[in-house]
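A.B. asks:
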Amino acid sequence: MSAVVADLVDQVRGGAFGLPTDNEVSVGFTTRQAVRHDTRGTGYRNEVLSLRVGRAVGSCAVEPGTVDDDLVYDCIGAPVDALFDHPVLAVRVAALDAYLMAARPHEEHADDNVRIDQGTSLEKSLVRAGHVVDLLGAVPGQRVLVVGVVNSLLHHLRDRGIHYRPCDLRGGRTEWGEPISNDADLTGCDAILATGMTLGNGSFETLRAAAVAADVPLVMFAQTGSAVLPCLIGTGVTAVCAEPYPFFWLDGGPTVLHRYREAR
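Here UniProt numbering is used: the first residue of the sequence shown is 1, the next is one more, and so on.
(1) When the Cβ atoms of the stretch 252 to 259 are set against those of the stretch 106 to 115, are three or more pairs found closer than 8 Å?
(2) Examine the ligand FMN and report whether any of its heavy atoms sits within less than 8 Å of the Cβ of isoleucine 192.
(3) DSSP on residue 266, reduced to helix/strand/coil?
(4) From this set, Leu8, Trp249, Cys189, Thr31, which residue's C-alpha is nearest tyrosine 164's C-alpha?
(5) Going by DSSP, what residue range makes up the beta strand (DSSP E) through glycine 58?
(6) Have a look at the DSSP bridge pairing and note the partners of threonine 112.
(7) I need the boundaries of the beta strand (DSSP E) containing histidine 163, first residue and last residue.
(8) In the structure shown, what three-state DSSP assignment does asparagine 46 receive?
(9) When DSSP labels each residue in this structure, what does alanine 129 get in the three-state scheme?
(10) Could you spell out where the alpha helix (DSSP H) holding phenylalanine 204 opens and where it closes?
(11) Between the alpha carbons of histidine 109 and alanine 194, how many angstroms are there, rounded?
(12) Could you work out which residue in Leu154, Asp183, Ile162 is closest to glutamate 175 when comparing CA atoms only?
(13) Which of the three DSSP states is assigned to valine 53 in this structure?
(14) Could you round the C-beta distance between cysteine 75 and leucine 51 to whole angstroms and report it? I think they count as a contact, below 8 Å.
(15) Skipping 5 residues on each side, what residues in its chain have a beta carbon closer than 7 Å to that of valine 132?
(16) Sort out for me which residues DSSP pairs glycine 28 with in a bridge.
(17) Buried or exposed: where does glycine 172 fall if 16 or more other Cβ atoms within 10 Å of its Cβ makes it buried?
(18) Can you tell which of Val53, Ser59, Arg55, His86 has the C-alpha that lies nearest to the C-alpha of asparagine 46?
(19) Determine the direct distance from the alpha carbon of threonine 206 to that of proline 217, and round the result to whole angstroms.
(20) Just to confirm the assignment, what range does the beta strand (DSSP E) spanning arginine 143 have?
(21) What residue from Val149, Gly77, Ala138, Pro105 has the CA that sits closest to glycine 177's CA?
(22) Can you check whether the CB of glycine 28 is closer than 9 Å to the CB of leucine 49?
(23) Give the range of the beta strand (DSSP E) segment to which valine 219 is assigned.
(24) Please list, in chain order, all residues of the same chain as asparagine 182 whose beta carbon is under 6 Å from its beta carbon, the five residues on each side excluded.
(25) Going by DSSP, what residue range makes up the alpha helix (DSSP H) through leucine 153?
(26) If we call anything under 9 Å between Cβ atoms a contact, is isoleucine 192 one with valine 228?
(27) How long is the line joining the alpha carbons of valine 12 and leucine 96, rounded to whole angstroms?
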C-alpha cells in the first residue's frame, strides 16, 4: 500500500474522521461487467469488489477472475479496522473506501456534484469523460500521460488538441489503433491522468512520486477509492473525479460525479 495511504489509515485509526473503526462490514459483493459501446470497435471487461459499511459502499477494481466468493464472504461481519490489515490489497482499499465514504459523504465535501443525465452507455461514457478531462486544465499542444486507458477520455483529449501517451497494464491498442504501453513513462508529459485502479494494483505510489518529482498535475478518475483519493489531494494529487457505486455503466438513468480540486 502507498505510504500516503498507509498514513491515511493511521489517521483513521487515530480518530481523525470521527467514525468508529469497529463498525462492521454488512454487505460484500462483486460486480462483473463486459461492454462494447455502439460504434466502438473494441470492448473490455471490469470486475469490482465492493464492501458496505453503514450506508456507504466502498469499491476496488480487480483483475477479472481474481476474487472468489469465499474471499467476499469472509469480509462480512468483520470490523473495518481488521480489514485494513487484510492480506489482499483490494480488500484493504475497499474497506478504507467504505469507511471514508461513510465518514465523509461526497455530497457534503466535494467541490461540485455533477449530474450525468440518462443515456446510452456511450453517451454517458462521453459525458463523464468530458467532466474528467476538464479537471486537467490542459491546453492544445500539451501532452498527458493517461494511465488506465478509457477511449472516451482519449476522445476528449483528441477533440481538444491535447496529445497523450496511453498506458495500461493490459496493453493493446486504442480505438484509433495507437499502441498502448505498459510503461508509465512521464518523459515529455505535462500532466498525468490516472485511474483509481492504480490504488488496487499497487502502482499509485510510483505515479504520485513521479508527479511530485516532475512538478506536474496528477488528476485521478476514481471508481476505485473514490472516497480515498480526495483525502490525498495535496500529497501530489491535484484533482479527483469521484464516482462511487453504482457506476454510470450500471444504469441508463441519471448518475452523479463528485469533483474535488486542490486549493490554489
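Even glycine gets a Cβ: it sits at the ideal position worked out from N, Cα and C.
C.D. replies: Inspection of the coordinates gives the following:
(1) yes
(2) Looking for the ligand FMN in the displayed structure turns up nothing, as the structure carries no ligands at all.
(3) Absent from the model: residue 266. The displayed extent of the chain is 1 to 264, so no value can be given.
(4) Working through the sequence shown from its first residue, we reach residue 164 at position 164. Taking only the C-alpha atoms, the option nearest tyrosine 164 is Cys189.
(5) Numbered from its first residue, the sequence shown carries residue 58 at position 58. Note, glycine 58: beta strand (DSSP E), 56 to 62.
(6) As a position in the sequence shown, residue 112 is number 112, starting the count at 1. Looking at the sequence provided, one finds aspartate at residue 112 rather than threonine. According to DSSP, aspartate 112 bridges with Arg259.
(7) Here residue 163 corresponds to residue number 163 of the sequence shown, with the count starting at 1. Unbroken beta strand (DSSP E) run through histidine 163: 163 to 167.
(8) Here the question's residue 46 lines up with position 46 in the sequence shown. Under the three-state reduction of DSSP output, asparagine 46 falls in the strand class.
(9) What you label residue 129 is simply residue 129 of the sequence shown in a count that begins at 1. Helix.
(10) As a working note, residue 204 is residue 204 in the sequence shown. 204 to 214 is the span of the alpha helix (DSSP H), which, as asked, contains phenylalanine 204.
(11) Here the question's residue 109 lines up with position 109 in the sequence shown. Here the question's residue 194 lines up with position 194 in the sequence shown. If I take the Cα positions, the gap works out to 22 Å.
(12) Along the sequence shown, read from residue 1 onward, the residue named residue 175 stands at position 175. In this structure, Leu154 is the residue among Leu154, Asp183, Ile162 with its C-alpha nearest to the C-alpha of glutamate 175.
(13) If you number the sequence shown from 1, residue 53 lands on position 53. The answer is strand: DSSP assigns valine 53 an E or B state.
(14) Taking the sequence shown and counting its residues from 1, the one referred to as residue 75 is at position 75. Taking the sequence shown and counting its residues from 1, the one referred to as residue 51 is at position 51. Their Cβ separation, rounded to whole angstroms, is 6 Å, which keeps cysteine 75 and leucine 51 in contact under 8 Å.
(15) In the sequence shown, residue 132 corresponds to position 132, counting from 1. For valine 132, where only same-chain residues beyond five positions count, the Cβ hits under 7 Å are Leu153, Phe221, Cys241.
(16) Against the sequence shown, residue 28 aligns to sequence position 28. Note: glycine 28 sits in a beta bridge opposite Leu51.
(17) Reading the sequence shown from its first residue, position 172 is the one you call residue 172. Exposed, since its Cβ has fewer than 16 Cβ neighbours within 10 Å.
(18) Within the sequence shown, residue 46 is the residue found at index 46, counting from 1. Per the C-alpha coordinates, the member of Val53, Ser59, Arg55, His86 positioned closest to asparagine 46 is Ser59.
(19) Stepping through the sequence shown from its first residue, residue 217 is reached at position 217. Stepping through the sequence shown from its first residue, residue 206 is reached at position 206. Across the structure, proline 217 and threonine 206 are spaced so that their CA atoms are roughly 14 Å apart.
(20) Working through the sequence shown from its first residue, we reach residue 143 at position 143. According to the DSSP assignment, arginine 143 belongs to the beta strand (DSSP E) that extends over 143 to 147.
(21) As a first step, residue 177 is located in the sequence shown; it is residue number 177 there, counting from the start. Among Val149, Gly77, Ala138, Pro105, the Cα nearest to that of glycine 177 belongs to Val149.
(22) On the sequence shown, residue 49 is found 49 positions in, with the first residue counted as 1. On the sequence shown, residue 28 is found 28 positions in, with the first residue counted as 1. It is a contact, given that the beta carbons lie within the stated cut-off.
(23) On the sequence shown, residue 219 is found 219 positions in, with the first residue counted as 1. Note, valine 219: beta strand (DSSP E), 218 to 222.
(24) Position 182 of the sequence shown holds residue 182. Cβ within range, chain order: Leu169, Gly171.
(25) For the purposes of this step, residue 153 is identified with residue 153 of the sequence shown, where counting begins at 1. Run containing leucine 153: 151 to 159, per the alpha helix (DSSP H) assignment.
(26) Taking the first residue of the sequence shown as position 1, residue 192 is located at position 192. Taking the first residue of the sequence shown as position 1, residue 228 is located at position 228. No; because the gap between Cβ atoms is not below 9 Å, this pair is not in contact.
(27) Position 12 of the sequence shown, counting from 1, holds the residue named residue 12. Position 96 of the sequence shown, counting from 1, holds the residue named residue 96. CA-CA distance, valine 12 to leucine 96, rounds to 9 Å.
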